[in-house]
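Read through the structure below, which is laid out as structure tokens, and then see the notes.
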Ligand code: UDP
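In my numbering, the protein residues as written are 10 to 383.
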């Protein structure tokens with residue numbers, strides 16, 4: 010006989026929590042989803058301003074090579090086929106991203122892959138000699154090995170230090186390996202075979218994922234833990250791990266992002282969804298123009314106004330939303346200590362970007378949640 014009202018209490022309604030809620034419902038079990046924000050969906054939630062869907066917490070372009078994940082998402086919403094091709098603005102000069110033949114052509118005037126390779130080989134020779142066969146230990150070494158000094162200094166160094174608030178020599182190498190380096194004229198930012206944004210928006214995706222759950226918004230789990238835990242047999246916790254343990258071992262570090270949203274009475278501001286500002290003298294990291302996320306920019310023609318978001322990166326402080334885990338050595342060791350405490354909590358499953366302290370893309374979060382036995 011069941012004595013608790015729900016099988017699962019899910020703390021956090023972002024992609025990990027919402028995917029879990031859907032699976033719990035599909036398995037014929039019950040769940041209560043709570044979130045301390047007043048909207049569901051975590052950082053994929055979208056606001057709407059004058060008919061334009063705004064990525065309120067930064068650009069979210071879905072991409073995956075996992076057909077199970079793609080089929081799952083596509084069974085709930087229609088994906089619009091959007092391909093992300095950001096530009097980088099360095100002191101007014103525009104470059105294509107990710108690093109590809111368009112970038113190399115703009116940088117050095119070369120037209121062939123052989124010419125680009127020759128220049129990059131020359132520029133990386135010094136770094137390779139310094140490494141003496143060892144793996145790059147930090148983001149700077151990794152970037153110099155991948156693309157050489159010109160690209161590093163124009164498109165990576167200042168942008169990265171602005172985004173992460175630390176020298177590239179103190180950041181992990183894996184961060185820059187997220188970006189493809191291609192010796193072809195292909196501006197697709199991702200290598201994944203499936204890409205797009207829900208035509209109906211992310212809020213619809215989340216609503217569909219939560220269709221079988223009871224949802225309570227504006228509820229802070231950590232201030233009422235004992236009472237909320239008593240509502241279900243099992244807990245799925247998707248918030249920050251250090252916060253769940255009262256920061257007892259110290260604070261994990263995160264970067265947070267602040268947005269200034271602006272509406273302009275012009276149909277098109279920057280002719281692209283994402284433009285990164287890679288120099289240190291510009292205080293924001295990128296400008297997002299949301300109408301360009303629609304299918305082939307259909308809204309660019311249809312609407313006389315446009316909505317922009319200027320993205321500023323700062324260090325996380327208590328009371329702010331944590332966005333990016335800072336996976337350096339100090340935090341990795343501290344996280345491992347918290348993870349040890351978490352493993353002792355037999356009834357609680359910890360998952361998602363915050364609880365696992367991983368720089369996860371959306372698909373990886375869903376992939377993980379799809380693998381959990383219910
Ligand atoms: N990056 C860069 N220059 C750019 C864009 C990205 O140096 O113009 C680096 C930067 O260190 C960043 C990393 O590549 O943290 C990953 O970028 P991505 O676009 O994946 O970041 P996200 O969209 O998750 O903020």
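Each residue gets a CB set at the ideal place from its N, CA and C atoms; glycine is no exception.
Given the structure is predicted, the values throughout are model-derived calculations rather than measurements.
- At least one heavy atom of ligand 1 is found less than 8 Å from the C-beta of residue 97.
- In this model, residue 327 and residue 130 are separated by some 45 Å (Cα to Cα).
- Residue 145 is not a Cβ neighbour of residue 122, given a cutoff of 9 Å.
- Summarising the contact set, residues whose Cβ lies nearer than 6 Å to any heavy atom of ligand 1 are, in chain order, 97, 106, 164, 165, 168, 169, 172, 184, 185, 187, 188, 285, 287.
- Of 256, 166, 74, 111, the smallest CA-CA separation from residue 149 is found for 166.
- Under DSSP, no beta-bridge partner is assigned to residue 366.
- Classified as buried, residue 331 has 16 or more neighbouring CB atoms from the shown chains inside 10 Å of its CB.
- Residue 356 places its beta carbon less than 9 Å from that of residue 243.
- With 16 or more neighbouring CB atoms inside 10 Å of its own CB, residue 308 falls in the buried class.
- Its chain contains 19, 245, 378 as the residues whose beta carbon lies nearer than 6 Å to that of residue 29, once the 5 sequence neighbours on both sides are disregarded; these appear in chain order.
- Within the same chain, and ignoring the five residues on either side of residue 96 in sequence, the residues whose Cβ sits closer than 6 Å to its Cβ are 103, 281, 284.
- Contact between residue 314 and residue 277 is ruled out by a C-beta separation of about 10 Å, above the 8 Å threshold.
- CA-to-CA, the gap between residue 317 and residue 57 works out to about 12 Å.
- Look at the beta carbons and you see the stretch 43-63 touching the stretch 216-231: at least three pairs across the two are nearer than 8 Å.
- Residue 305 counts as exposed, since fewer than 16 other beta carbons sit within 10 angstroms of its beta carbon.
- Assigned with DSSP and collapsed to three states, residue 83 falls in helix.
- Secondary structure of residue 238 (DSSP, three-state): helix.
- For the options 80, 258, 272, the alpha carbon positioned closest to that of residue 207 is the one of 80.
- Counting along the chain, the unbroken beta strand (DSSP E) around residue 203 starts and ends at 203-205.
- Annotation for residue 193: 109, 110, 122 place their beta carbon closer than 8 Å to its own, counting only its chain and skipping 5 residues before and after.
- For the beta strand (DSSP E) assignment, the uninterrupted runs of no fewer than 3 residues enclosed by the stretch 46-132 are, from N- to C-terminal side, 55-58, 61-64, 71-73, 96-99, 102-105.
- Residue 147 places its beta carbon less than 9 Å from that of residue 180.
- Among the bridge pairs identified by DSSP, residue 19 is matched with 42, 245.
- Residue ranges of uninterrupted beta strand (DSSP E) with 3 or more members, entirely inside the stretch 126-210 and ordered along the chain, are 203-205.
- When 177, 302, 39 are compared, the shortest CA-CA separation from residue 12 is found for 39.
- The shortest CA-to-CA distance from residue 16 to any of 376, 342, 241, 383 is the one to 241.
- Taking each of 53, 351, 67 in turn and checking the Cα distance to residue 249, the smallest one comes out for 351.
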